[in-house]
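Here the protein sequences line up with chains A and B, keeping their order. Numbering follows the working numbering, with no gaps: position 112 of the first sequence is 113. Numbering follows the working numbering, with no gaps: position 111 of the second sequence is 227. Right, one structure below, let's go through it.
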Amino acid sequence: EDKVVQSPLSLVVHEGDTVTLNCSYEVTNFRSLLWYKQEKKAPTFLFMLTSSGIEKKSGRLSSILDKKELFSILNITATQTGDSAIYLCAVPFSGGGADGLTFGKGTHLIIQP
Amino acid sequence: NAGVMQNPRHLVRRRGQEARLRCSPMKGHSHVYWYRQLPEEGLKFMVYLQKENIIDESGMPKERFSAEFPKEGPSILRIQQVVRGDSAAYFCASSPDYNEQFFGPGTRLTVL
């Protein structure tokens, strides 16, 4: 059974700090790994990673994948209170095609002013 | 380009009633997915549909739940004879192909 484990489950930091969120996975046929940000509504797409070692970057957020060790990290630098959210990691399951996603439980990030 | 639309945003039903949740995918997206998020739990896949076809319903409870994506109109997730344990947020996502999925705002179902 496919599995996605995120850590930590919750994290409280002060504004301006840098945070690293972790996601490890076990999946039968790996194709990609996705990161989402969920505030009080819909998960918002952040990144999709398919290749090891290639960093994806968007503003203060960046993410990288290690397919050998089966994990990904999401970094947020110079955090702001608006970064407070649940960050979700997901992998498509099954053997191919546009399949459903298996999600981790998420990291609940709180940024204190 | 409007995002994924879901309605209603909030739905209250009494035990034994039926709940119908609607999802209109983003323009040009032919893949639709339904997920359920129970309190204090992560998002769980329920069903994957393309137009007029259910591709994968492995995450859907065998009884009382059904889904469709007709040729015309939105995708519908139908829950018959709702029970308190069905109270959750139900999210729909759409995708144009085999890549990232874009989520709608969700329908929060409360069963009294």
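Here a beta-carbon is modelled for each residue, glycine too, at the ideal position from N, C-alpha and C. A quick note: this is a predicted structure, and the numbers were derived from the prediction, not measured.
C-beta neighbour in chain A for residue i, strict 8 Å
| i | result |
| --- | --- |
| P186 (chain B) | no |
| Y149 (chain B) | yes |
| Q217 (chain B) | yes |
| P124 (chain B) | no |
| P190 (chain B) | no |
| F207 (chain B) | yes |
8 Å contact criterion, which residue i and residue j should meet: CB distance rounded
| i | j | result |
| --- | --- | --- |
| A205 (chain B) | R224 (chain B) | 5 Å |
| R194 (chain B) | V227 (chain B) | No, R194 (chain B) and V227 (chain B) are not in contact; Cβ-Cβ is about 14 Å, not under 8 Å. |
| L127 (chain B) | I192 (chain B) | About 13 Å separates the two Cβ atoms, so there is no contact after all. |
| G144 (chain B) | V163 (chain B) | That belief does not hold up - the Cβ atoms of G144 (chain B) and V163 (chain B) are roughly 21 Å apart, past 8 Å. |
| D100 (chain A) | D172 (chain B) | 7 Å |
Neighbourhood of residue i by C-beta distance below 6 Å, restricted to the same chain and skipping five residues each side
| i | result |
| --- | --- |
| Q196 (chain B) | E134 and R180 |
| G132 (chain B) | Q197 |
| S140 (chain B) | M121 and P190 |
Interface residues of chain B facing residue i [CB-CB closer than 7 Å]
| i | result |
| --- | --- |
| G101 (chain A) | Y149, F161, Y164, D172 and G175 |
Test: residue i CB closer than 8 Å to a CB of chain B
| i | result |
| --- | --- |
| P9 (chain A) | no |
| L35 (chain A) | yes |
| F46 (chain A) | yes |
Partner residues on chain A for residue i, Cβ-Cβ distance less than 8 Å
| i | result |
| --- | --- |
| P221 (chain B) | K42 and A43 |
| G158 (chain B) | L89, F104, G105, K106 and G107 |
Residues near residue i in its chain [Cβ-Cβ closer than 7 Å; skip 5 each side]
| i | result |
| --- | --- |
| S85 (chain A) | L110, I111 and I112 |
| P221 (chain B) | Q122 and R125 |
8 Å CB neighbourhood of residue i in its chain, flanking five on each side removed
| i | result |
| --- | --- |
| F218 (chain B) | G119, V120, M142, H145, A209, S210 and S211 |
| F94 (chain A) | D3, V28, T29, D100, G101, L102 and T103 |
| Q166 (chain B) | S146, H147, V148 and F185 |
| L12 (chain A) | V20, L22, T108, H109, L110 and I111 |
| I74 (chain A) | T21, L22, N23, C24, S64 and I65 |
Does the stretch 101 to 110 of chain A come close enough to the stretch 2 to 12 of chain A to have 3 or more Cβ pairs within less than 8 Å?
Result yes; three or more Cβ-Cβ pairs closer than 8 Å.
Sufficient close CB pairs (3 or more, under 8 Å) joining the stretch 11 to 23 of chain A to the stretch 72 to 82 of chain A
Segments in contact, yes.
I want to know whether the stretch 49 to 58 of chain A touches the stretch 141 to 157 of chain B - three or more CB-CB distances under 8 Å.
No: fewer than three Cβ pairs fall under 8 Å.
Three-pair Cβ contact test at 8 Å for the stretch 24 to 32 of chain A versus the stretch 41 to 50 of chain A:
In short, these stretches do not touch, since the Cβ pair count stays below three.
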